[in-house]
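**Student:** Okay, handing you the structure first.
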Amino acid sequence: MPSLKVKEKAVAKLNLSFKVIKRLPSNYHEIDSIVTFPKKIYDNLIIRKAEKNVTKIIGPQSKRLLDQGGDKIMKKTIGVLSSFFSISINLDIILEKNIPLGSGLGGGSSNAAALARAIIKIYSPRYAKKEFLKQLCTIGSDVPVCFFSQNCRVEGQGEKITKLSNLNKKIWVLLITPKRNVSTKFIFNKFTGPYSKKKKNLLFSKNALLSEMNSANNDLQRTIEKNFPDLKEFISLLPNKNNVTKPRFTGSGSCIFMLFDKFEDANLYKVINEKLLKSCHLAISDIHI
Numbered sequence: 001m002p003s004l005k006v007k008e009k010a011v012a013k014l015n016l017s018f019k020v021i022k023r024l025p026s027n028y029h030e031i032d033s034i035v036t037f038p039k040k041i042y043d044n045l046i047i048r049k050a051e052k053n054v055t056k057i058i059g060p061q062s063k064r065l066l067d068q069g070g071d072k073i074m075k076k077t078i079g080v081l082s083s084f085f086s087i088s089i090n091l092d093i094i095l096e097k098n099i100p101l102g103s104g105l106g107g108g109s110s111n112a113a114a115l116a117r118a119i120i121k122i123y124s125p126r127y128a129k130k131e132f133l134k135q136l137c138t139i140g141s142d143v144p145v146c147f148f149s150q151n152c153r154v155e156g157q158g159e160k161i162t163k164l165s166n167l168n169k170k171i172w173v174l175l176i177t178p179k180r181n182v183s184t185k186f187i188f189n190k191f192t193g194p195y196s197k198k199k200k201n202l203l204f205s206k207n208a209l210l211s212e213m214n215s216a217n218n219d220l221q222r223t224i225e226k227n228f229p230d231l232k233e234f235i236s237l238l239p240n241k242n243n244v245t246k247p248r249f250t251g252s253g254s255c256i257f258m259l260f261d262k263f264e265d266a267n268l269y270k271v272i273n274e275k276l277l278k279s280c281h282l283a284i285s286d287i288h289i
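Residue numbers 1 to 289, in this note's numbering, belong to the letters of the sequence shown in order.
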């Protein structure tokens with residue numbers, strides 16, 4: 001009998017808001033972020049049991065990933081979960097890589113999270129959910145929220161996750177990713193503030209979210225712009241035209257995004273600014289908040 005084949009979508013992560021609260025004694029940072037997942041932007045994984053672990057990487061971003069070391073986070077995920085579940089995990093993995101690397105869209109973390117979901121489906125292990133999330137955090141700070149791939153507030157080092165209710169509001173996002181690989185680790189190492197104050201209570205509504213996004217930049221934006229003057233110049237050139245949020249970076253960059261009420265507005269923005277955006281990776285997706 002052929003082994004169970006599991007297909008998983010590893011959806012891109014989008015930080016709608018991003019606050020850095022403080023630097024911790026461990027040199028990591030405490031964050032506070034509202035995260036969503038644009039469902040039309042994803043990598044594909046096909047996974048089945050095998051005699052040994054083999055990962056084949058295909059897709060438009062495959063060469064860049066292979067040039068940067070290939071499936072390191074997949075190997076790490078298998079190692080961490082083999083130890084945690086006390087089982088031998090051997091998988092044949094096909095990864096179709098579509099999410100741009102170094103973009104702040106959490107492609108690697110989402111791949112690891114999708115692999116974790118597949119491992120649970122294939123091996124049906126017993127585990128404590130709280131301890132499991134801690135293990136995912138050792139793989140990468142974005143892996144726990146990517147495991148759920150739904151609207152969440154993320155706090156701490158990524159391990160404190162509060163699922164947010166779906167307000168049944170559809171909005172459209174245009175993602176503009178310049179050909180610039182930005183390391184999350186590099187940006188956080190360069191970040192020296194200013195730090196944000198933590199909000200005790202969160203009013204999660206469309207209007208409150210849009211208001212916050214237009215009144216406060218991603219806390220990492222100043223650091224991104226200081227260390228990458230080309231990105232600073234590029235984001236300053238992006239005009240406002242029917243977008244309901246100003247251009248802003250997601251996570252540590254380099255991806256810049258704007259929200260629109262209508263698909264037609266997002267698509268028109270892309271068409272009108274074709275010359276300015278011609279060297280960028282572009283994508284439009286709906287998100288539900």
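Think of the CB as a built atom: it goes at the ideal place given N, C-alpha and C, for glycine as much as any other residue. Only a predicted model underlies this, so the values are computations on that prediction, with no experimental measurement involved.
Whose C-beta lies closer than 6 Å to the C-beta of Ala113 among residues of the same chain, with five residues either side of it excluded?
**Tutor:** Within the same chain, Ala113 has close Cβ partners Val143, Cys146 and Phe147.
**Student:** Under 8 Å, do Ile139 and Lys76 count as touching if we go by C-beta distance?
**Tutor:** Taking 8 Å as the Cβ cut-off, Ile139 and Lys76 qualify as a contacting pair.
**Student:** Give the range of the beta strand (DSSP E) segment to which Leu45 is assigned.
**Tutor:** Here the beta strand (DSSP E) through Leu45 covers Tyr42 to Lys49.
**Student:** Using a threshold of 8 Å, state whether the C-beta atoms of Val20 and Lys39 are closer than that.
**Tutor:** Cβ distance not < 8 Å, so Val20 and Lys39 don't count as in contact.
**Student:** Report the residue from Lys63, Phe18 and Tyr123 whose alpha carbon sits nearest the alpha carbon of His291.
**Tutor:** Any property of residue 291 remains undetermined from this structure, which presents the chain solely from 1 to 289.
**Student:** Considering only DSSP beta bridges, list what Thr177 is partnered with.
**Tutor:** Answer by DSSP bridge pairing, in chain order: His281.
**Student:** Please name the residue in Asp67, Ile73 and Pro125 whose C-alpha comes closest to that of Gly108.
**Tutor:** Ranking Asp67, Ile73 and Pro125 by Cα distance to Gly108 puts Ile73 first.
**Student:** What are the boundary residues of the alpha helix (DSSP H) that includes Ser211?
**Tutor:** Unbroken alpha helix (DSSP H) run through Ser211: Lys206 to Ser215.
**Student:** Across which residues does DSSP place Asp92 in a beta bridge pair?
**Tutor:** Beta-bridge pairing links Asp92 to Arg48 and Val54.
**Student:** Where Leu91 and Asn240 are concerned, what is the direct C-alpha to C-alpha distance, given to the nearest angstrom?
**Tutor:** Taking the straight line joining both Cα atoms gives about 47 Å.
**Student:** What does the alpha-carbon distance come out to for the pair Asn189 and Leu4?
**Tutor:** Approximately 42 Å, taken between the alpha carbons.
**Student:** Cα separation between Arg64 and Lys278?
**Tutor:** Arg64 and Lys278: Cα-Cα distance of roughly 20 Å.
**Student:** Count the other CB atoms within 10 Å of the CB of Leu209; is the residue buried (16 or more) or exposed (fewer)?
**Tutor:** Burial call: buried.
**Student:** How about Gln157 and Ser183: are their beta carbons less than 8 Å apart?
**Tutor:** No, Cβ-Cβ distance for Gln157 and Ser183 is not below 8 Å.
**Student:** Assuming the contact rule is C-beta atoms closer than 8 Å, Ile57 and Lys97 should be a hit. Round their C-beta distance to whole Å, please.
**Tutor:** Going by Cβ atoms, the distance from Ile57 to Lys97 rounds to 6 Å, so yes, they are a contact pair.
**Student:** Compute the Euclidean distance between the alpha carbons of Gly193 and Ser149, then round it to the nearest angstrom.
**Tutor:** So the two alpha carbons sit approximately 29 Å from each other.
**Student:** Check the C-beta distance from Val173 over to Leu276 and give it rounded, since I have them as a contact under 8 Å.
**Tutor:** Wrong, their Cβ atoms sit about 18 Å apart, outside the cutoff.
**Student:** Pick from Gln221, Leu164 and Leu231: whose alpha carbon is nearest that of His288?
**Tutor:** Closest by alpha carbon: Leu164.
**Student:** Around the Cβ of Val154, are there at least 16 other Cβ atoms within 10 angstroms (buried) or fewer (exposed)?
**Tutor:** By the 10 Å Cβ count, Val154 comes out buried.
**Student:** Just list the beta strand (DSSP E) runs in the region 101-182, keeping only unbroken ones of 3 residues or longer that don't cross its boundaries, in chain order.
**Tutor:** List check, beta strand (DSSP E) in window: 152-156, 160-163 and 170-177.
**Student:** So, is Ile31 buried or exposed, given that buried needs 16 or more other C-beta atoms within 10 angstroms?
**Tutor:** Its Cβ being crowded by 16 or more others within 10 Å, Ile31 is buried.
**Student:** Do Ile99 and Ile89 have their C-beta atoms closer together than 8 Å?
**Tutor:** No; because the gap between Cβ atoms is not below 8 Å, this pair is not in contact.
**Student:** Please classify Ser33 as buried or exposed, where buried requires at least 16 other C-beta atoms within 10 Å of its C-beta.
**Tutor:** Buried is the call here.
**Student:** Tell whether a beta-carbon distance below 8 Å holds between Pro229 and Leu238.
**Tutor:** No, the Cβ-Cβ distance between Pro229 and Leu238 is not below 8 Å.
**Student:** Evaluate Pro25 with the Cβ neighbour count: other Cβ atoms within 10 Å of its Cβ, from every protein chain shown; 16 or more gives buried, anything less gives exposed.
**Tutor:** Result: exposed.
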